[in-house]
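Chemist: Below you'll find the structure I mean.
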RNA sequence: GCCGGGUUGGGGUAGGGGUUAUCCUUGGGGACUGUGGAUCCCCGGACCCGGGUUCAAUUCCCGGACCCGGCCCCA
């Protein structure tokens, strides 16, 4: 027996139904926000990730050298590929609104909410540097969760990289990257450890209080400027008011709660403006989605400047959250038929009828087992079909068929030619 | 890469250095080729892998794989 590869998942039908429903909602919502779907390759040159990331990331990819000596990797994230695709087409009218649902791979130890293969809902707006684009991206992420039934179960924390850079500089931190890295660990370090590491980094320790007071609190956006010293506020009025206005815009697109949280900086990424993360309210899981503005990635990857804002939403955490809220439901297939056949010679007629039904848009299974009729009905019931059609020698002789509504148990018999009418009459009888 | 806890039919489990490895469930068949979910009967199906100790290992020891969780990292 050969085992499944470590960190990978098998998905059986009972999970695929809710899974597909989840992806359908993502596609529908993105389409309603007027995003177009694209598909990105599963393999890229390793160099695509070299330009923006350190060696650390490269050790956590499924990479290999192909027969021609090229260094390839199974894509660990979508954004570089999407940017590569976008910048190699000079004819596209801006803004471009794209989404995709790629599988991504990461070579690391599997743990809760994270396996080595997952699917991510990824959406971006290119060529629009406005706060309206920022708001629409967050609005799309939230609307998707709302549509899945998660309204009120999650909230969004936002921050702005430019604002954080100003804050870090204001308190005397010149190594901005290290500052972000430390802030990113705020929730993982003890208060004392964090403080001592911050003071180490920051030359003007008396000013560090400013940051310490900001961190770890969720601040309502309309109260944001009350948290800053007067002078700092004046110098950064533009960034602060943009953040506040973004919040107002988002509130028109979703009822989700949006708060300012200084500890959200999104690791060592390539973000240049707003950054955001969606969390479950109970604080039980990893972030549901995350993203932000990255206006210089086009320059890094393809030497083509392009404004961009986007998010990624992984299926793993979302599945945990949906299951926890009893939203990971099996939906029975609407308009499904099982055809019970009695006697081998009836199967030809059953196939003809099945073809007609399929052309009408129904899902049809023809039971060719020749088991007893009661066993065939048993099987049909276990498969939770809506209707069964019984075809036996009697029906063929009289050119009729019998349709049985499996929910109500009512049953009608009529001419085969009147198939559609029969379906109507049996489904109306159940009322 | 590191740390902790696990692994007995498809799923959930009991047990235990030696006899036919327990129970529930699922699956297949039958009672029942002309009307479904019930009931009854029958059947199939497991000790993760390798090494060691032992007369004897599924059980004890060591290593590995995989699973769950955590660290690192976070795309």
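In our numbering, the protein residues as written are 114 to 544. Every residue, glycine too, gets a C-beta built ideally from N, C-alpha and C.
1) Taking the straight line between their C-alpha atoms, what separation do you get for residue 158 and residue 418?
2) Tell me whether residue 259 sits in a helix, a strand or coil according to DSSP, three-state version.
3) Shortest alpha-carbon distance to residue 460 belongs to which of 363, 271, 480?
4) May I ask which residues mark the beginning and end of the alpha helix (DSSP H) holding residue 129?
5) Report the residue from 277, 357, 505, 267 whose alpha carbon sits nearest the alpha carbon of residue 247.
6) Touch check for the region 167-181 and the region 265-272: three-plus C-beta pairs under 8 Å?
7) By Cβ distance, which residues of its chain are closer than 7 Å to residue 149, with the 5 residues on each side in sequence left out?
8) Can you check whether the CB of residue 314 is closer than 9 Å to the CB of residue 295?
9) Alpha carbons only, please: which of 225, 174, 189, 240 is nearest the one belonging to residue 199?
10) Apart from the five residues just before and just after residue 544, which ones in its own chain have a Cβ nearer than 8 Å to its Cβ?
11) Can you say whether residue 118 is buried or exposed, counting buried as having 16 or more other CB atoms within 10 angstroms of its CB?
12) Could you tell me which of 530, 250, 484, 449 sits nearest to residue 501, measuring between CA atoms?
13) Nearest to residue 429 by alpha carbon, out of 422, 423, 441?
14) Who does residue 333 pair with in a DSSP beta bridge?
15) Which value, in whole angstroms, describes the spacing of the CA atoms of residue 245 and residue 359?
16) Let me check one thing: in DSSP terms, what residues is residue 176 bridge-paired to?
17) Return the bridge partner residues of residue 155 from the DSSP annotation.
18) Who are the near neighbours of residue 228 in its chain, counting only those whose CB is closer than 8 Å to its CB and skipping five residues on each side?
19) Can you list, in chain order, the stretches of the alpha helix (DSSP H) that have 4 or more residues and sit fully within the region 285-313?
20) Under 8 Å by Cβ, that's how I've got residue 208 and residue 191 pegged, so tell me the actual separation to the nearest angstrom.
21) Give me the Cα-Cα distance between residue 452 and residue 124, rounded to the nearest whole angstrom.
22) Between the region 178-191 and the region 400-409, do at least 3 Cβ pairs fall closer than 8 Å?
23) Would you identify the three-state DSSP class for residue 544, choosing helix, strand or coil?
24) CA-CA distance, residue 372 and residue 271?
25) Report yes or no: do the region 469-486 and the region 517-528 share at least 3 C-beta pairs separated by less than 8 Å?
26) Do residue 316 and residue 292 have their beta-carbon atoms positioned less than 9 Å apart in this structure?
Modeler: So, to answer that:
1) 21 Å
2) helix
3) 480
4) Taken as a continuous stretch (DSSP letters only), the alpha helix (DSSP H) holding residue 129 covers 126-145.
5) Considering only alpha carbons, the answer is 357.
6) no
7) 210, 211
8) yes
9) 240
10) Its pLDDT being 43, under 50, residue 544 is placed unreliably in this model, and the coordinates cannot settle the point.
11) Around the C-beta of residue 118, fewer than 16 other C-beta atoms lie within 10 Å, and the residue is accordingly described as exposed.
12) Sorting 530, 250, 484, 449 by C-alpha distance to the C-alpha of residue 501 places 449 at the top.
13) 441
14) DSSP lists 372 as partners of residue 333.
15) 7 Å
16) For residue 176, which the question treats as bridged, DSSP gives the partners 186.
17) Looking at the DSSP assignment, residue 155 forms no beta bridge with any residue, so it has no partner.
18) 120, 121, 122, 429
19) 289-297
20) Incorrect: roughly 18 Å between the Cβ atoms, too far for contact.
21) 28 Å
22) The answer is no - the region 400-409 does not touch the region 178-191, with fewer than three Cβ pairs under 8 Å.
23) At residue 544 the pLDDT is 43, less than 50, meaning the model places this residue with poor confidence; the figure from the coordinates comes in the next sentence. Residue 544: coil per DSSP, three-state reduction.
24) 6 Å
25) no
26) no
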